[in-house]
Amino acid sequence: MSTGRVLVLITIIAVAGATGAPRASADSAISPDSSWSRLGITADTTIQDATIARGREVFISRCQACHGDYPKDRKPGLFRLDPMPGTRALELRYKGTVPALLEQRTDLPPELITHVVRHGIGSMPMFRPTEVSDEDLKALVQYLTRKQRR
Amino acid sequence: MKAPPGISEAMFSEALRRFAAVVGKQWVFTRAEDVATYRDAYSPLKNEPDEKVASAAVAPSSVEEVQQVVRIANHYSIPLYTISCGRNLAYGGSAPVYSGSVVLDLKRLNRIIEVSEENAYALVEPGVSYFDVYRFIREHGMKLWVDVPDPGWGSLIGNALDHGAGRTQLPYRDHFDAHCGMEVVLANGEIFRTGMGALPTAKTWQQFRYGAGPFIDGIFSQSNLGIVTKMGFWLMPEPEACLVGSIRCRRHDDVKPLVRILANLTYSGIVNCQIPILSPPFLSPLDDAKAALLDKPDGGSAEQWDSYAASRHMHFWQTELRFYGPVSVIEAQWNHVKGRLAEIRDVQLEDGDLMRFPLTDEQVDAVAEPVVLGIPSLAVFSSVRGNSGHLDASPIIPFSGEALLEAQKVFAQAFRRAGLPQKLGFAMSYHWRSFILFQGLWLTEDAQENALMRGMYRQLIKLAAERGWGIYRAHAAFMDDVMSTYSFNDNALLRVHEALKDALDPKGILSPGRYGIWPRKMRRAHS
C-alpha cells in the first residue's frame, strides 16, 4: 500500500470515528514526489503495472480537467465555454483524423509528451516539477503510450 | 545559472547550498530546463530581453522549511518571489516581478488542515487548489461548497491574496472577504497568526477574524510584506437548490433601470448572486455600421444604437441571475425580482433551470457552467484558444447603468482607435457593489504584436484612471503602471506601503516590486 493510500485511509478512519458534527482534518493524500492529491481517484483494476497506474493518477490529477471527455449533448452556458478546452482544441485541430482524447491516442511520441508538459503549447502552460515531478512525468508517459506496446 | 542582480556567484551558490540542506537538493531548481518552467506562460514580454525570469527556485514542504529558507535568503539578501500554485495566468503566473529572484514555490505546502462542516470553513496551506478542496469535500460527502474562480487549478490562498473572486453568492465569492485568519512568515523568518489565531488557545480562529487590536490581514494581500502559510476560508453550506432567472432588455437605455433595480436588490440581500451583464451589440464583431457609431465623439446615441441592434435582431442587454437556497425561498426571490423588473418596457423574464443538490457525478459532468455551482473547471481557457495567452485589464466600474454605458463606449472607442479587436468586454459583479468590465488582450509569439498589446494595456490603465475606474488587479509587468494611478496626495498610499516594507522587510528580500512596492535600494530605479 502506498503512502498516499495510507493517508487516505487514516483520514477516512478519522472522519468515520469522529463524534458529533462532521469535521475532517487531513494531510490530503500526497504523491511521494509531487503535490497532486489522490483524493477522488479510484483505482483501475485492469492496470497491473505500478508505473502505469501512477501515470493514470497523474493524468487524472493534472491533465483530465482540460483533456477529459465531456457529454456532447451538454447545454451551453451563458458564455458558451467548452468544458474541456484541451480536448476541444484537439478536436478542432485534427478533425477526427486521430482521437481528441489523449488517453485514446496510440501515436504520441514520449518526447512530445515530455516536451509539451514542460514547455506548454499554444495556450496550455508548462508544468513545474513541483506539480508533475520528473518521476511522475515518466509515469505519465508510460500511461499515455501504454497502447503502443500491446 | 545566473545569480540575482548584485549577488556574487559565490554567495548565491552558498545560499543555494544552504537552501538544499533545508529542503533537500531535489527541491532546489537550478538547471535551465527546470527554471524555465517558472516562466510566465502568458508573458506579454515572452522571449524578449525584458521578460521577467527567475534565477532559481526552491520548494519547501513545511512552514518550518519556509522559515529557514527565508532566514537564509535574508542573510544573503537573496530576493525571493513567492508563489502558491503559480497559476495566476494573465497576471504573471509563476514568474517574478523582479528578474533574477529565486522563486519560493509553495506548491508542496498542500495540506488541507481542517474542514468543518458544522461551521462551514476550511484551513489550508498555499499549495491547496480549488480542485483539491472540492474533491476533499465531495470525497467526504460534506454538505459544503467552495466558491471557485474561473480557473479551478489556482490556490485558495493565492487567489484570495490577489483579490480574486468566483461566481456563487456573497460573501463567499469575494475570496479575500471570505477569509478568516492567517499565518504569516515575515522576512526575518518569524511567524505569527492574525485574528483569533494569536490566542494560543484559540477556538475561533476561522470564525472571528478580528481578534483584538488592528486588523492587519489586508496588508498581506497584493503585497510583499510577508508570506502567508495558512489561511482560513468560509465555505458555503450546500443549498437545497439553485434557480436560474434569465433577463433580456431590448433597448440601449434599459440598462439604467436594470442595474438600478438589481443594485437595490443586491444591497437588500434579495439578489445575492454574481450578475453578468452582456450586451450583444457591443460584444458582436466590429462591422462598418458599428465602426461609424464608435467614430462619433459620443460613441453613438441611444437611438442610433437601438437602430443598430434592431437591424440585427439583437437584444441590447442580457443577464442571468441565480438564487441559491430552499426552493420556496428562491422561487419567492425570483418572483419578487420579476415584479420589480416589470417596470422596464418589453423586458423578457424567463424561468430557467431549477437544479437540486447534491448532484451525481453524471450531473456534474453535464453542468453548463460549473463555476456558478462551486464546481472547479478549466473551461475558461477555451476562450484563449488559438493564442499563446491573454491579458486582462480589469477596471472597476460603478454599479450603475449610466457608468456601464459610458465605459462600454470609452473602451470600444479605444480599441477602434488602436485598430485592435476588443475581446471580452462584458461586465461581472464579482465583488460587492461594483462591476469589472473585462478588457481582454490576446498575446501571441510575435514580439511586435505583443508590444502593441502592452501599449494598449497601458492606454487602458490610463483611460480608466482618468475616468475614476481603477484597475483592481494587474499583470506583473504593469503593477507599477497601475499603482501609479492610485496617486491621491502625491502617491501617499504607495508611500505608506513603502514605509511598511521598510519596517517589515528592511533588506527587501520578499517579492520586490509586487504591486509597485519596491525595497528602498531599488526604489529610485523603478520610480
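Chains as they are written, first to last, in my numbering: chain A, 1 to 150; chain B, 1001 to 1527. Idealized CB from N, CA, C, for every residue including glycine.
The C-beta of B/M1001 has fewer than 16 other C-beta atoms within 10 Å across all chains shown, which makes the residue exposed. Taking the Cα of B/Y1042 as reference, the smallest distance to any Cα among B/Y1091, B/C1273, B/Y1081 is reached at B/Y1091. The three-state secondary structure of A/M124, taken from DSSP, is strand. Distance from the CA atom of B/G1154 to the CA atom of B/D1147, rounded to whole angstroms, is 12 Å.
Under the three-state reduction of DSSP output, B/S1129 falls in the strand class. Counting only Cβ-Cβ distances below 8 Å, A/L39 has contacts in chain B at D1132, R1135, F1136, E1139, in chain order. Any Cβ of chain A closer than 8 Å to the Cβ of B/T1030 would place that residue at the interface, and such an atom is absent.
With contacts defined by Cβ atoms closer than 8 Å, B/P1126 and B/S1084 form a contacting pair.
Taking the Cα of A/D69 as reference, the smallest distance to any Cα among A/V132, A/E103, A/L78, A/Q142 is reached at A/E103. Taken in chain order, the complete alpha helix (DSSP H) segments of 4 residues or longer contained in the region 1113-1180 of chain B are 1130-1139, 1156-1161. Under the Cβ criterion of 8 Å, A/K138 is not counted among the residues facing chain B. Counting every other CB atom within 10 Å of its CB across the protein chains shown gives A/L112 a total below 16, marking it as exposed. Chain A places a beta carbon closer than 8 Å to that of B/W1153, counting this residue as a contact.
Minimum Cα-Cα distance from B/T1229 among the listed residues B/Q1448, B/L1494, B/L1504, B/E1065 corresponds to B/E1065. Residue state for B/L1243 is assigned as strand, using DSSP reduced to three classes. Secondary structure note for B/T1485: its alpha helix (DSSP H) is the uninterrupted segment 1479-1485. From the beta-carbon of A/F127, the residues of chain B found nearer than 9 Å are T1037.
Taking a cut-off of 8 Å on C-beta distances, the region 1369-1376 of chain B does not touch the region 1214-1225 of chain B, as fewer than three cross pairs fall below it. Chain A has a Cβ within less than 8 Å of the Cβ of B/F1381. Between B/Q1304 and B/D1288, the alpha-carbon positions lie close to 14 Å from each other. A contact between stretches requires three or more CB pairs, one per stretch, nearer than 8 Å, and the region 1130-1139 of chain B fails this requirement with the region 1240-1252 of chain B. Here B/T1266 carries a helix assignment [DSSP, helix/strand/coil]. Scanning its chain for C-beta atoms nearer than 6 Å, with the 5 sequence neighbours on each side dropped, one finds no residue around A/A43. In the three-state scheme derived from DSSP, where H, G and I count as helix and E and B as strand, A/C66 is classed as helix. Chain A places a beta carbon closer than 8 Å to that of B/K1107, counting this residue as a contact.
The region 1341-1406 of chain B is shown to contain whole beta strand (DSSP E) runs of 3 or more residues at 1348-1356, 1389-1393, 1396-1398, in chain order. Contact check between the region 1191-1198 of chain B and the region 1157-1165 of chain B: fewer than three CB pairs, one atom from each, fall below 8 Å, which does not count as touching. When C-beta distances to chain A are compared with 9 Å, every residue of the region 1280-1294 of chain B stays at or above that value.
Contact of B/D1365 with chain A by beta-carbon distance below 9 Å involves G68, D69, Y70, P71, R74, P83. Per DSSP, B/G1440 is not a residue of any alpha helix (DSSP H); the beta strand (DSSP E) it occupies stretches across 1434-1443. One thing to note: B/R1416 has its Cβ within 8 Å of the Cβ of B/L1294. Residues of the region 40-64 of chain A with a C-beta atom less than 7 Å from some C-beta of chain B are G40, listed in chain order. By the neighbour-count criterion, in which a residue is buried when 16 or more other Cβ atoms sit within 10 angstroms of its Cβ, B/V1058 is buried. Under the 10 Å beta carbon count, B/N1074 is surrounded by 16 or more other beta carbons and is classified as buried.
A straight-line Cα-Cα distance of about 31 Å links A/R105 and B/K1046.
A/L112 has a beta carbon lying at 8 Å or more from every beta carbon in chain B.
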